[in-house]
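As structure tokens, the structure follows; a few thoughts come after it.
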Amino acid sequence: MELNQFYMDVSDIHLELNEDLDSERKYSLSNEVLFQLPFISMVILLLAKQRSKPKVPEIGELVGRCLEESMPTFKTSHQLISWSANLRIRTVNAMHILEVHKLISIDNQFGKLNITDSGKKIINKAINSDDDLSWNLSSIEHSYYSIRKQQNFELKV
Numbered sequence: 114m115e116l117n118q119f120y121m122d123v124s125d126i127h128l129e130l131n132e133d134l135d136s137e138r139k140y141s142l143s144n145e146v147l148f149q150l151p152f153i154s155m156v157i158l159l160l161a162k163q164r165s166k167p168k169v170p171e172i173g174e175l176v177g178r179c180l181e182e183s184m185p186t187f188k189t190s191h192q193l194i195s196w197s198a199n200l201r202i203r204t205v206n207a208m209h210i211l212e213v214h215k216l217i218s219i220d221n222q223f224g225k226l227n228i229t230d231s232g233k234k235i236i237n238k239a240i241n242s243d244d245d246l247s248w249n250l251s252s253i254e255h256s257y258y259s260i261r262k263q264q265n266f267e268l269k270v
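Numbered per this note's numbering, the sequence shown spans residues 114 to 270.
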């Protein structure tokens, strides 16, 4: 996916800023906003797109497990990212952003995460592009499939 095309696709999304913030903080972006939340948001959209819908309470752990299993950096780490409180907090923040912008919805009856048509458009463009993001998302998608398959096997045993 080209950067210009991505910006054109999401140009209708507007964030409201709190006017009470001082002017210096109002326009500054932290590393978390620039890098981690967008990627975590893409992973959440990817999980919500699957046929096996994740339950909301397990999203933080699933994002961590998918990252651990699909990315070489996390595979060799001695820390278990799926247990990271920071990752879970960032996952909740990313889910909030996605829900506010109507890219996902939460089925309160079953407690499952659903993707909207707008969310599908964004994640499909990211997956169908020919770049590193697409490759990483495909790897994460495969990890999610493996995790679900393992969970189903454990339930049968």
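For every residue, glycine included, the Cβ atom is placed at its ideal position computed from N, Cα and C.
If you ignore the 5 residues before and after His255, its C-beta comes within less than 6 Å of no other C-beta in its own chain. Inclusion of Ile210 and Leu160 in the CB contact set at 8 Å is not warranted, their separation being larger than that value. Ala207 counts as buried, since at least 16 other C-beta atoms from the protein chains shown sit within 10 angstroms of its C-beta. Distance from the CA atom of Val156 to the CA atom of Asn117, rounded to whole angstroms, is 21 Å.
Contact check for Thr229 against Ile219 fails: the beta carbons are separated by 8 Å or more. Excluding residues up to 5 positions away in sequence, Lys188, Ser256, Ser259, Ile260 lie with their Cβ nearer than 8 Å to the Cβ of Glu182 in the same chain. The stretch 174–220 contains, as complete alpha helix (DSSP H) runs of 4+ residues, the segments 185–188, 198–213 (chain order). Thr186 sits exposed, since fewer than 16 C-beta atoms from the chains shown fall within 10 Å of its C-beta. Exclusion of the five residues before and after Ser252 leaves Ser183 as the residues of its chain whose Cβ lies within less than 7 Å of its Cβ.
For Lys225, the enclosing beta strand (DSSP E) stretches over residues 225–228.
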